[in-house]
Amino acid sequence: MAKGHPRATRRLALPGLMIFLLIPILYTLILRRGAHSLHPLKSQVSPRESSLSLRSDGKSKKERGSSLSLTVEEDGAAVEEFNKFLTHKLARGEAQSELSQNGISCTSDRSSDVCITSAAVRIATSASSSSHSLSAVYLVGNQQLPRNSDIIFRPYPRKFDPEAMQETSPIQIVGGHPNPPPCDITHPLPAVIFSTGGFAGNFFHDINDLIIPLFLTTGHLRSRIRLVATDFRPWWAHKYRRVLSRLAADEIIAASSAFADVGPAKVHCFPAAIVGLKYHGNLACNVSDAPSGISVQKFRRFLHEALSLKADRVVRAEEPTVVLISRRNSRALLNEDEIIETAREIGFRVEIAAPKRMWKMESFAELVNGCGVLMGVHGAGLTNMVFLPPGAVLLQVVPWGLDWASEVYYGQPAQQMGLQYVEYHIEVQESTLYDKYPGDHPILADPWSINNQGYNVSKPVYVDGQNLRLNLTRFRETLLLAFQLLPRPS
């Protein structure tokens, strides 16, 4: 249509008139909202991390398309909630009064050291690739350390184990420094500082030493904290990313790492912090221990929700599934094929879990969550029982000389998790140790005398030095018991 055409002018006139008439109405509505809603400063991006959530590499969640965006008011509420948690849940007795008086409290037990502070800290990360680089936490909120001396410890909850400590870098808490380093990045949320050193990478230790302690230490805080890791292992963070995302507001900040380039050294500033993790024992959450009220059933529900595991009870099935943890290097079942055939004769559907299959944790967790029985020789693979539905069966084959370890690491925790527990204690003839030593040798006749000499003596023998050939007649009875414990279709 040509410019200036008379019909075009008539068509535009009515909308233009309507807009002209609406202007006073719109202006009145805006005035009623109040001038404060149009204040230019309200629309500016805050320089704080409340809207940007910077990682250690300086990139923000906003830059990466995240929906995370906290207002200043929400930041303040998160810090208030954090301090209330410290005061009423994490600190008890004398530690509670220390926190109130000094702004910081440190507790120590056989397994872990934990320092908590309700005031500001600055964390200096290390650009060094050394496996034992020292990270520093500067207290800048007028906290008073006991005896006015700095504290150094390794923030991994297995301090009774020298081997684990050798793989964990120390962290130094510095009080009263006259010139603490200036902030490079200021975070609105408190920090929880821990180490992914130690035995991280072994599935039992991943769950026992890190995931459960992280849940105990941060679960009450509804993801309104930041995780800071020394000895940072990127593959570990990636493997457990769905779980960690339920505990913290953003990706882990790497304070030090011998496994990845964490970029130049930076100083991260936080309004409060926890250094170290709470630990309750082997695969345990004790309701009565700080922070109190957390059961292992609650942890399992959290874990299942994080991984979208749907089964909340054992499925009634004519042919229930048994997942067999298949070992290769030690404590292997030499007659595994015959064991599988026996299980099928009884009525089981058998899924074989070789090590490579278990590496894909999320898909393997889904498999275990849908089975009736998880079966295997004592070892880290049995930790996958955390994915079993309530009422399922853990069947543990107990090698020669490992009775105590089998009960403490898996037998007792399984029952506390609400699982049914069955164990098969091998006879000495079912171990390859029987072919290596005479019958009266202490390794065969008196395993306790070997175990009492220390793990460095017993491990090469009982953990690394034997395989198993099960007596199928005896083991069939154990399989039958596990089968009978499962619900049957009505």
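The numbering of the sequence shown is UniProt numbering, which starts it at 1 and goes up by one.
Using N, Cα and C, we set each Cβ at its ideal position, and we do this for glycine too.
- Inter-segment contact for the segment 264-282 and the segment 144-158 is present: three or more beta-carbon pairs are separated by less than 8 Å.
- Only exposed fits P460, as fewer than 16 other CB atoms lie within 10 angstroms of its CB.
- Within the segment 129-213, the runs of beta strand (DSSP E) that reach at least 3 residues and sit entirely inside it are, in chain order, 135-139, 151-153, 171-175 and 191-195.
- Beta bridge pairing from DSSP links D113 with S108.
- Sequence-distant Cβ neighbours of I211 in its own chain, meaning closer than 8 Å and more than five residues away, are Y240, V243 and L303.
- Assigned with DSSP and collapsed to three states, H88 falls in helix.
- Under the three-state reduction of DSSP, G401 is assigned to coil, being neither helix nor strand.
- Counting only residues of its own chain and dropping the five nearest sequence neighbours on each side, S118 has a CB closer than 7 Å to the CB of N83, L86, L99, G103 and A272.
- When the Cα atoms are used, E338 and T321 turn out to be separated by approximately 17 Å.
- For Y138 against V121, the beta-carbon gap comes to about 6 Å, under 8 Å, which counts as contact.
- Bounds of any alpha helix (DSSP H) do not take in V461, whose DSSP letter is neither H nor E.
- Taken through DSSP and simplified to helix, strand or coil, M375 comes out as strand.
- H177 is the residue among S326, G197, S105 and H177 whose C-alpha sits nearest the C-alpha of V140.
- Judged by DSSP secondary structure, E351 falls within the beta strand (DSSP E) whose first and last residues are R349 to A353.
- Cβ-Cβ distances below 7 Å link R357 to F364 in the same chain, with the five nearest sequence neighbours on each side left out; the list follows chain order.
- Taking a cut-off of 8 Å for Cβ pairs, the segment 256-265 and the segment 372-389 do not touch, as fewer than three such pairs fall below it.
- The residues P157, R158, K159, F160 and Y279, in chain order, have a CB closer than 7 Å to that of S111 in the same chain once the five nearest residues on each side in sequence are set aside.
- Spatial neighbours of G411 in its own chain (CB-CB distance under 7 Å, excluding positions within 5 residues in sequence) are listed in chain order as Q396, Y421 and E423.
- Contact fails between the segment 289-296 and the segment 230-240, because fewer than three Cβ pairs, one in each stretch, are under 8 Å apart.
- Using a Cβ distance threshold of 9 Å, A255 and F270 do not count as a contacting pair.
- Taking each of H378, T432 and G418 in turn and checking the Cα distance to S406, the smallest one comes out for H378.
- Rounded to whole angstroms, the separation of the alpha carbons of F299 and F215 is 7 Å.
- Spanning the alpha carbons of T342 and A353 requires a straight line of approximately 17 Å.
- Scanning A191, S135 and E163 for the CA closest to the CA of S169 turns up S135.
- Shown here, H304 sits in a helix according to DSSP, grouped into three states.
- With respect to G376, L324 sits close: the two C-beta atoms are nearer than 9 Å.
- Within its own chain, the residues whose Cβ lies closer than 7 Å to the Cβ of H220, once the five positions on either side in sequence are excluded, are F85, K89 and P291, listed in chain order.
- Taking E319 as reference, the option from A311, A306, E336 and G347 with the minimal CA-CA separation is G347.
- Taking all protein chains in view, the Cβ of W448 is surrounded by fewer than 16 other Cβ atoms within 10 Å, so the residue is classified as exposed.
- Using a Cβ distance threshold of 9 Å, I151 and I123 do not count as a contacting pair.
- F270 carries a strand assignment under DSSP once its states are collapsed to helix, strand and coil.
- Here the C-alpha atom of N471 lies approximately 52 Å from the C-alpha atom of D250.
- Here DSSP, grouped into helix, strand and coil, assigns H425 to strand.
- Comparing C-alpha distances from A260 to each of T196, Q297 and M417 shows the shortest one belongs to T196.
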